[in-house]
Amino acid sequence: MSAERVKVGISGLDDMLGGGLIPGSICSIIGTYGTGKTTYSLMFVWDGLQKGESVIYISLEEREERIVSYMKQKGWDVDKYLNKSLYVIKLDPTDFNLANNRIKNELPNLISEVNASRVVIDPISLFEDLFETDAIRRQEMYRFVEGLRDKQCTIMMTSETHRDNVFSSRHGLIEYLADTVILLRYVRPSDLTDVHLALEVVKMRMSSHSREIKPYEIEQDQVMVYSEANVF
Ligand SMILES: Nc1ncnc2c1ncn2[C@@H]1O[C@H](COP(=O)(O)OP(=O)(O)OP(=O)(O)O)[C@@H](O)[C@H]1O
Ligand SMILES: [Mg+2]
């Protein structure tokens, strides 16, 4: 089964997902600041590049050079892939018309043009923020996500959490639209000696998956998910 899956590139997590993501599906990684959303998405990018796949990385937060430099800091030889199979794009989240046009019209074309099999949007919540009302956001995001489903690529969208609820995405919407939802969060033990990071696979359409909460650590060039360990 695992050969048919698209690996995130983090072995403990891929195990929890039954081998990886379902090809062509949409995955959302939800977590508060610093939980590792960008790092997880870069692991997914790197796994694809190494397999000879074409990857598009859309950042609404950080400039292209910064994303590339993060990858280089991990010891990855990114120059070899840049603008050949890796396309890093910064979108300005303050200009609604521009961001909306690029993400809704240009992205689907670019996916076809470069034959991308993986796409990352980090974080989608900054794009969702642009809509004026919940009703418009819901309708537009639904259309956008449905449009992406026609493409043959596996998509990872990260999301910040809701202001008052670390179990929900910023607008409580992407978890319904995505096929797979992975939640990253801080766990503070009662003795308050240190803070741990833990993840859970909350949802995976059309697949069985682990429902356990597992600890993880971010290291310079990898993410270690301890799928054999327990948080509590
Ligand atoms: N090279 C590294 N070596 C060790 N730890 C790292 C490294 N890079 C990142 N980290 C750890 O991972 C944490 C989160 O990184 P990351 O930027 O992926 O989080 P994020 O969820 O995208 O945050 P934000 O919401 O602010 O964008 C950092 O705070 C740091 O603790
Ligand atoms: Mg980030």
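Here the sequence shown is numbered in this note's numbering, starting from 0 and rising by one per residue. Glycine included, every Cβ here is placed at the ideal spot set by N, Cα and C.
Pair within 9 Å by beta-carbon distance, residue i and residue j
| i | j | result |
| --- | --- | --- |
| residue 16 | residue 56 | no |
| residue 184 | residue 166 | yes |
| residue 83 | residue 110 | no |
| residue 122 | residue 157 | yes |
| residue 181 | residue 124 | no |
| residue 12 | residue 189 | no |
Identified DSSP bridge partners for residue i
| i | result |
| --- | --- |
| residue 183 | 30 and 198 |
| residue 58 | 89 and 121 |
| residue 161 | 164 |
| residue 154 | 25 and 118 |
| residue 44 | Answer is none; residue 44 lacks a bridge partner. |
| residue 213 | 198 |
| residue 224 | 215 |
| residue 20 | 5 |
| residue 203 | 179 |
Contact belief for residue i with residue j at Cβ below 8 Å, rounded distance in angstroms
| i | j | result |
| --- | --- | --- |
| residue 24 | residue 119 | At roughly 14 Å, the Cβ-Cβ gap does not stay under 8 Å, so residue 24 and residue 119 are not in contact. |
| residue 28 | residue 155 | 6 Å |
| residue 126 | residue 92 | 7 Å |
| residue 19 | residue 217 | So it is not a contact: roughly 20 Å between Cβ atoms. |
| residue 224 | residue 117 | The pair is not a contact, with the Cβ atoms about 19 Å apart (cut-off 8 Å). |
| residue 46 | residue 6 | 5 Å |
| residue 53 | residue 108 | Actually they are not in contact, since the Cβ atoms of residue 53 and residue 108 sit about 14 Å apart, beyond 8 Å. |
Residues near residue i by beta carbon distance below 6 Å, same chain, minus five either side
| i | result |
| --- | --- |
| residue 305 | No answer is possible for residue 305: the residues shown for the chain start at 0 and end at 231. |
| residue 212 | 197, 199 and 230 |
| residue 0 | In this predicted model, residue 0 has a pLDDT of only 49, less than 50, meaning its place in the structure is not dependable enough to derive any value. |
| residue 58 | 66, 89 and 121 |
Proximal residues to residue i (C-beta, below 7 Å), its chain only, five neighbours per side dropped
| i | result |
| --- | --- |
| residue 161 | 167, 168, 169 and 171 |
| residue 139 | 130 |
| residue 288 | The question about residue 288 has no answer, for the chain in this structure spans 0 to 231. |
| residue 144 | 25 and 176 |
| residue 97 | 91 |
| residue 95 | 129 |
Interface flag, residue i vs chain D, CB-CB below 9 Å
| i | result |
| --- | --- |
| residue 32 | This model lacks chain D altogether; it includes just one protein chain. |
Task: Neighbouring residues (CB closer than 5 Å to any heavy atom of ligand 1) - done: Checking every Cβ against the heavy atoms of ligand 1 under 5 Å gives 32, 33, 34, 35, 36, 37, 38, 217 and 219.
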